[in-house]
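Protein sequence lines correspond, in order, to chains L and B.
Residues 1 to 403, numbered by my numbering, are exactly what the first sequence covers, in order.
Residues 1 to 403, numbered by my numbering, are exactly what the second sequence covers, in order.
Number of protein chains: 2
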Amino acid sequence: MCKKELKWIENALDSLHETGQKGNIHWRATYTEEDKKALKLLEQWMKDQNLEISYDNIGNLYGKIKGEQEKIVLTGSHRDTVKHGGKYDGALGIICAISAVGSLYAELGKPKKSVEVVAFCEEEGSRFLSGYLGSRYITGQLTDDIMQERDSDGITVNEAINYACFDRNKIKKAPQISDVERFIELHIEQGGVLERRGEQVGLVTSIVGILIGRLTIVGHQNHAGTTPMYMRKDPVTRAAQFIVEMNQWAKTYGEHITATFGEVQVFPNKSNVIPESVSLSFDIRSTSSDILREAEHILKALEQKRDGFGYTLEFVAHDAPAQMDEDGLKLLEGISKKLNLSYRKMHSGAGHDAQIIAEKTKTNMIFIPSIGGISHSPLEYSKIDDIGHGYLLLKGFLREIAW
Amino acid sequence: MCKKELKWIENALDSLHETGQKGNIHWRATYTEEDKKALKLLEQWMKDQNLEISYDNIGNLYGKIKGEQEKIVLTGSHRDTVKHGGKYDGALGIICAISAVGSLYAELGKPKKSVEVVAFCEEEGSRFLSGYLGSRYITGQLTDDIMQERDSDGITVNEAINYACFDRNKIKKAPQISDVERFIELHIEQGGVLERRGEQVGLVTSIVGILIGRLTIVGHQNHAGTTPMYMRKDPVTRAAQFIVEMNQWAKTYGEHITATFGEVQVFPNKSNVIPESVSLSFDIRSTSSDILREAEHILKALEQKRDGFGYTLEFVAHDAPAQMDEDGLKLLEGISKKLNLSYRKMHSGAGHDAQIIAEKTKTNMIFIPSIGGISHSPLEYSKIDDIGHGYLLLKGFLREIAW
Chain L
1 MCKKELKWIE
11 NALDSLHETG
21 QKGNIHWRAT
31 YTEEDKKALK
41 LLEQWMKDQN
51 LEISYDNIGN
61 LYGKIKGEQE
71 KIVLTGSHRD
81 TVKHGGKYDG
91 ALGIICAISA
101 VGSLYAELGK
111 PKKSVEVVAF
121 CEEEGSRFLS
131 GYLGSRYITG
141 QLTDDIMQER
151 DSDGITVNEA
161 INYACFDRNK
171 IKKAPQISDV
181 ERFIELHIEQ
191 GGVLERRGEQ
201 VGLVTSIVGI
211 LIGRLTIVGH
221 QNHAGTTPMY
231 MRKDPVTRAA
241 QFIVEMNQWA
251 KTYGEHITAT
261 FGEVQVFPNK
271 SNVIPESVSL
281 SFDIRSTSSD
291 ILREAEHILK
301 ALEQKRDGFG
311 YTLEFVAHDA
321 PAQMDEDGLK
331 LLEGISKKLN
341 LSYRKMHSGA
351 GHDAQIIAEK
361 TKTNMIFIPS
371 IGGISHSPLE
381 YSKIDDIGHG
391 YLLLKGFLRE
401 IAW
Chain B
1 MCKKELKWIE
11 NALDSLHETG
21 QKGNIHWRAT
31 YTEEDKKALK
41 LLEQWMKDQN
51 LEISYDNIGN
61 LYGKIKGEQE
71 KIVLTGSHRD
81 TVKHGGKYDG
91 ALGIICAISA
101 VGSLYAELGK
111 PKKSVEVVAF
121 CEEEGSRFLS
131 GYLGSRYITG
141 QLTDDIMQER
151 DSDGITVNEA
161 INYACFDRNK
171 IKKAPQISDV
181 ERFIELHIEQ
191 GGVLERRGEQ
201 VGLVTSIVGI
211 LIGRLTIVGH
221 QNHAGTTPMY
231 MRKDPVTRAA
241 QFIVEMNQWA
251 KTYGEHITAT
261 FGEVQVFPNK
271 SNVIPESVSL
281 SFDIRSTSSD
291 ILREAEHILK
301 ALEQKRDGFG
311 YTLEFVAHDA
321 PAQMDEDGLK
331 LLEGISKKLN
341 LSYRKMHSGA
351 GHDAQIIAEK
361 TKTNMIFIPS
371 IGGISHSPLE
381 YSKIDDIGHG
391 YLLLKGFLRE
401 IAW
């Protein structure tokens, strides 16, 4: 079948991974020397597969096989990594796309539709907090605010691009999103569901929307020994009650929602003092806009409560869920069956460029298992067999759609 | 009535307060220059009232009026303050005792029983964590472990005593606890109950026992977006559930218990990560040994739970409740009525030397209101009228018991 291609993919993953080594940590941040090294490799691999290289103004790299029609089928993923990240997140989707498109071209010649492989920049938000710079750029969602955002050294996106490493001479007419008929992204799952269920590929139905922010509850600070329970306004107890209620609420929606309170700050945080305040982060994700709206409603209702506590809400992110294309999903199901792959239709709890693109054009995603559900870590690992399954599915999909 | 005595008490509170000024903060730690200044004042005031001065080996200061019998009625409080503390905590009970004993002697001459005023050292535990050094010493409960305890500069109790400021020449035969027939301590309430209820004095029925420690809950760290709720072992959610359950349990015992979880440490404490662990302080106080035992049982039962979480318990303090003397309480009630004072029988949620002494001899406590329930703060304040009520009650009690 595709032993030679898989071998190449395995080596390419290793080579691309090496470009991200920055001193003692692994971090391929956007517009850096590490990024420059990665682009050099990706350009070379695209050329090797007869893809025509171009960049757009934000620094996305494209490799194109011109088809009979102008309509473009876009595939790929992001080339940046989180700080202290792994080998597969992002990289897998670009490398498999280069190999799939190149070998389809070699096997079948010129496609009906044009096919482009994209290596997006700055999806992770690990250099500039907002993230999704590349996909926001091609879908016209990059605001001036985001372009002025600063990294931890105080350098804005605009300034960083000026230092950037991509070759300005290669900036050509970037694909217009109106010409992009479809986008498909292969990615590791970053969760433990596929591995736990023993399934070979995940066919993504939707990418969760997200509500991120901070809730501060202010009570009355007092002596832990001399203040009877009935006289207390203890914000730790109030926060605990809220967390329990939110968990009960979330569970009524099964797999359609996650609710996490991962950061807790208590003030003054002394064992013999009833605290003055508690600050809780909330991270609520759902495939349903209605459920997210309900969560927002529950949170906002707190501010109106007259129960002796003070409540302050701060929203940091508020993104709607993205639905994947149904026809594309049916096609992926059909190909999986033909390839004899066990598959699971599932939503993605993590964010991806695909969710930005899905607002503008038909989009699909393929997941392969992450061992132990580990990602954003040097321990991130996917088996070569699983990579093969995802690769064959991507290749089959591109063949059906573009050739 | 006692206008002159009250004026003296007011001035003495101010003068003693000044001795605790240490640079920018107020802190009269034990065996320090501040303590030395305080002892100089207290010695002088005792002498002025014809009390015979002595010290014991730990540094408690006594002022004695010898009576016809050897039996001793002991009264007083502690002379140390917490860091950044106030004017009344401890000081009030010593100053009022000096004035009451001195003026009773002036009015009525030699008492039937010997009366001694004590100025205990290191009750607060703000220099050496264990606290109650003075009362533990006279009741024979000072262990070698405590004597080897170090302050934040690494100085042990033993070493600190050698630098101490009390006059070694004045160490005489300290009162043996077997000769102490009774102990009575006047103290500010340090809570808001008396003020809120508009009552003039509190007659303490018991001092709460206390269970202090730390509970660590270890779950499974994971991605906040990609881990379904049913696959989680989220220690924040588990801790919240525990806090809610403990509050419900505590409320079933009304005023007989307080439960506080004032310190919370979450690891790694990131909004988009289901945490690995949560560490909670617990501070559980009750007038009932049975209730405390039940609390301990609930906590220990956690360690046996097989629910996928890891539980670690660490106990820091475990003191039984102390019952105040019933006959003394009846006497205090009778005198309150005679003086036309509105009183409240109540327990003490804070710890006092009286709870240590109560294990060995008949002990009582009088509380006066703390405005706003504030103590262990420079804002600590008690009205002079309330001080007058407490003073008259103490004086009346000593008169009945010793003269």
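Backbone N, C-alpha and C define an ideal beta-carbon position, used for all residues, glycine too.
Using a Cβ distance threshold of 7 Å, L:Ser-99 and L:Ile-9 count as a contacting pair. Interface annotation, L:Ser-271: in contact with chain B, CB-CB separation under 7 Å. If you draw a 10 Å sphere on the C-beta of B:Asp-353, you find 16 or more other C-beta atoms in it, and that means buried. Along the region 247 to 276 of chain L, the positions whose C-beta sits under 7 Å from a C-beta of chain B are Asn-247, Ala-250, Lys-251, Glu-255, Thr-258, Thr-260, Phe-261, Gly-262, Glu-263, Val-264, Val-266, Asn-269, Lys-270, Ser-271, Asn-272, Val-273, Ile-274 and Pro-275, read in chain order. In this structure, B:Met-365 lies away from B:Glu-195, with their beta-carbon atoms at least 7 Å apart.
Taken through DSSP and simplified to helix, strand or coil, L:Asn-364 comes out as strand. Contact note: L:Ile-243 reaches chain B through Val-236, Thr-237 and Ala-240, using a C-beta cutoff of 7 Å and chain order. For the region 26 to 113 of chain B, the full-length alpha helix (DSSP H) segments reaching 4 residues or more read 33 to 48 and 91 to 108 along the chain.
As the crow flies, the alpha-carbon of B:Gln-265 is around 29 Å from that of L:Asn-24. Relative to B:Pro-235, the option among B:Ser-279, B:Gly-262, B:Lys-251 and B:Val-201 whose CA is nearest is B:Ser-279. Around the Cβ of B:Gly-198, a 10 Å sphere holds fewer than 16 other Cβ atoms; the residue is exposed. B:Gly-349 and B:Gly-191 do touch by the CB rule: their CB atoms are close to 6 Å apart, below 8 Å. Contacts between L:His-223 and chain B, judged by CB atoms closer than 8 Å, involve Gln-190, Gly-191, Gly-349, Ala-350, Gly-373, Ser-375 and His-376 in chain order. Taking a contact as a CB-CB distance under 8 Å, the pair L:Ile-335 and L:Leu-292 does not count as one, their CB atoms being some 32 Å apart. Remark: C-beta atoms of L:Leu-74 and L:Glu-116 approach each other more closely than 7 Å. Against B:Val-208, the close residues of chain L are Gly-225, in the order they occur along the chain (beta-carbon pairs closer than 9 Å). Only Arg-285 from the region 285 to 311 of chain L bring a Cβ to less than 9 Å from some Cβ of chain B.
Within the same chain, His-347 come within 8 Å of L:Glu-255 by CB-CB distance, once the 5 residues on both sides are set aside. According to DSSP, residue pairing for B:Gly-310 in a beta bridge involves B:Val-218. Assignment of L:Lys-3 by DSSP, reduced to helix, strand and coil, places it in the helix class.
For L:Met-346, the uninterrupted beta strand (DSSP E) run begins and ends at 343 to 348, by DSSP.
Taking 7 Å as the CB threshold, L:Met-229 lines the interface with chain B. If the five residues before and after L:His-17 are omitted, its C-beta is found closer than 6 Å to the C-beta atoms of Lys-87, all from its own chain and listed in chain order.
Interface residue (Cβ-Cβ distance to chain B less than 7 Å): L:Asp-283 is classified as such.
B:Ala-29 is the residue among B:Ala-29, B:Lys-113 and B:Asp-80 whose C-alpha sits nearest the C-alpha of B:Asp-153. In this structure, B:Val-201 keeps its C-beta atom at 7 Å or more from the C-beta atom of B:Gly-328. If the five residues before and after L:Lys-113 are omitted, its C-beta is found closer than 6 Å to the C-beta atoms of Gly-67, Gln-69, Lys-71, Val-73 and Ala-402, all from its own chain and listed in chain order.
Going by DSSP, L:Gly-390 is part of the alpha helix (DSSP H) stretching over 384 to 402. Annotation: B:Tyr-230 to B:Glu-263 spans about 28 Å, alpha carbon to alpha carbon.
Under the criterion of beta carbons closer than 8 Å, L:Pro-275 and L:Gly-310 do not qualify as touching, at roughly 13 Å. With respect to the 7 Å criterion, L:Val-244 and B:Ala-240 are classified as neighbours on the basis of their beta carbons. At the C-beta level, B:Gly-63 and B:His-26 stay beyond 7 Å of one another. Between the alpha carbons of B:Thr-32 and B:Ala-160 lies a gap of roughly 8 Å. Taking C-beta atoms under 8 Å as the contact rule, B:Arg-79 and B:Leu-42 qualify, at a distance of about 7 Å. Here the region 142 to 151 of chain L lies against the region 126 to 133 of chain L, with 3 or more beta-carbon pairs under 8 Å apart.
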